[in-house]
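Adding 495 to a residue's 1-based position in the sequence shown gives its number in my numbering. Where a beta carbon is used, it is the ideal one built from N, C-alpha and C, also for glycine.
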Amino acid sequence: MPDVPPPSPLITPDRRRTLQQRYEAALRLMDDPRPDHPRIHELLAECLRADPGNILYLQALVANLRRWGPKPKRSWLAGLFTPANARARVSVSSTGYQILAAAPETLRRDPKNANALRQLAEAAGEAELDQAELFYWHAAIELAPHDTESLRGWARALTRQGRFDEACAAWRKIADVAPDEESAQALADLAPQSTDAERAALAVVPDEAPLETEAAIRLATKWQEQGEFAAADELLTRAQSASGSDLRLFEAREDLQLARARHQQEIARRRAASDAHPRAQRLIVRLAAEANRLEIDIYYLRSERHPGDMSLRLELARRMKRSGNYSGAVTRLEEARRDPQWAAAALLELGECWQHLRQYAKALDFYRQAIRAGEAPAEPLREGEAPAVPPHSRLVAPLYRLGVLAAAMNLPAEARPALARVVAIDPGYKDARERLDKLP
């Protein structure tokens, strides 16, 4: 094995500038009428060894190799993974960066070795270098289009990266050439609810599709329910172009984005139940964080668009709190609490924010205020509005929060009656009874 030290996971700004200069120099040499392929490879190899996940370096290096066409030599990587050495194989997790850092030499010696490309793809996957992983799998499939091992690796990578539409197509290829339990389960997890015939009908938005606002929204909603988000978005986009600036269509597209994000999370949860790989499990967390960021963006825009609607301030604050931006959430909640319709919910959220900020006395006071607001007669809902919290939660949630925090602050005289009221209203609420029984 070549003596290639693992690259540092962190590249300093100065080092990154140097790599960028090497990369740009290589590109200039590639434009020469008679390019110096060995020198180009040397420059790009330096870049890729330092930053093995950089897809620009990788693409340029492979493009240069294809134009250069050096005579293939036996690759140390290919030899490492031959069947005869299978038992002695070192785990990808322990040597992954060494394998990736040696990729320039491996590819130079034999750029058409599908087995070596598969191992590079596996190493990139373990290092979670998503673009490099897909590049290597794609290169392996180009060499052997019907190789089920490469197709399966490609499909798994797409699935674990959350690229579900592409993954579905990849699993269908496997199901066509070598159907098995894994591909059947993957398709059951990933495939839209619609049938093949429905998918074919929805794949292209027909020219006669209605562009009038209400009709377009109804049809787009139907397609969304079938999991055909791209077709729904295309229709709404066309309807928006035809109508000019109809806010209903703009917000329908926002709703579609939110629905797609929820759909992606649901797929990820199904896949995590079928695929025990750590990346499949972590994908749930990543997609939830991405969905929360999307919701923050959309609710921020809507709250600016409708400054009098405090429910939008409340929803924005909840997403900000979920992302850990408690100070930002407090600002929005202070605005939302001015509306009696949303005061109880906003006060409860304020208490939770201040508790996260370790301002326990302040949090306790907000829970008390939320209880008083919950005891007040509920304001009648305005047309089209939903309650901020379920009716019983107007009291149960702040009482529970107050009881738990007061107990932690060694205030049993306040904790006991709060938890007792929770148990009286909802005997099965969380662990309220257990906590009540433990109080002195």
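Which of helix, strand or coil DSSP assigns to residue i
{"i": "residue 564", "result": "coil"}
{"i": "residue 837", "result": "coil"}
{"i": "residue 772", "result": "coil"}
{"i": "residue 918", "result": "helix"}
{"i": "residue 682", "result": "helix"}
{"i": "residue 789", "result": "helix"}
{"i": "residue 904", "result": "coil"}
{"i": "residue 507", "result": "coil"}
{"i": "residue 534", "result": "helix"}
{"i": "residue 526", "result": "coil"}
{"i": "residue 736", "result": "helix"}
{"i": "residue 819", "result": "coil"}
{"i": "residue 847", "result": "helix"}
{"i": "residue 853", "result": "coil"}
{"i": "residue 658", "result": "coil"}
{"i": "residue 597", "result": "coil"}
{"i": "residue 809", "result": "helix"}
{"i": "residue 795", "result": "helix"}
{"i": "residue 872", "result": "coil"}
Proximity of residue i and residue j at Cβ, strictly below 9 Å
{"i": "residue 727", "j": "residue 719", "result": "yes"}
{"i": "residue 782", "j": "residue 752", "result": "no"}
{"i": "residue 673", "j": "residue 635", "result": "no"}
{"i": "residue 892", "j": "residue 931", "result": "no"}
{"i": "residue 809", "j": "residue 841", "result": "yes"}
{"i": "residue 546", "j": "residue 506", "result": "yes"}
{"i": "residue 560", "j": "residue 536", "result": "yes"}
{"i": "residue 837", "j": "residue 806", "result": "yes"}
{"i": "residue 775", "j": "residue 766", "result": "yes"}
{"i": "residue 917", "j": "residue 934", "result": "no"}
For residue j and residue i, believed in contact at Cβ under 8 Å, the rounded distance
{"i": "residue 870", "j": "residue 890", "result": "7 Å"}
{"i": "residue 900", "j": "residue 855", "result": "6 Å"}
{"i": "residue 534", "j": "residue 524", "result": "6 Å"}
{"i": "residue 645", "j": "residue 667", "result": "That pair is no contact at about 16 Å."}
Proximity winner among the options, relative to residue i (alpha-carbon distances)
{"i": "residue 603", "options": "636, 555, 644, 639", "result": "555"}
{"i": "residue 804", "options": "517, 830, 526", "result": "830"}
{"i": "residue 622", "options": "642, 680, 611, 591", "result": "591"}
{"i": "residue 845", "options": "649, 561, 640, 859", "result": "859"}
{"i": "residue 904", "options": "915, 867, 857", "result": "857"}
{"i": "residue 820", "options": "801, 832, 834, 847", "result": "847"}
Below-9 Å beta-carbon distance, residue i vs any chain B residue
{"i": "residue 719", "result": "Note that chain B does not occur in the displayed structure, where there is just one protein chain."}
For this session: Could you say if the stretch 533-540 and the stretch 590-610 meet the contact criterion of at least three C-beta pairs nearer than 8 Å?
Result: yes
For this session: Count the C-beta pairs between the stretch 728-748 and the stretch 614-629 that are closer than 8 Å, then say yes if the count reaches three, no if not.
Result: no
Exercise. Should the stretch 706-720 be regarded as contacting the stretch 678-687, the criterion being three or more beta carbon pairs within less than 8 Å?
Worked result: no
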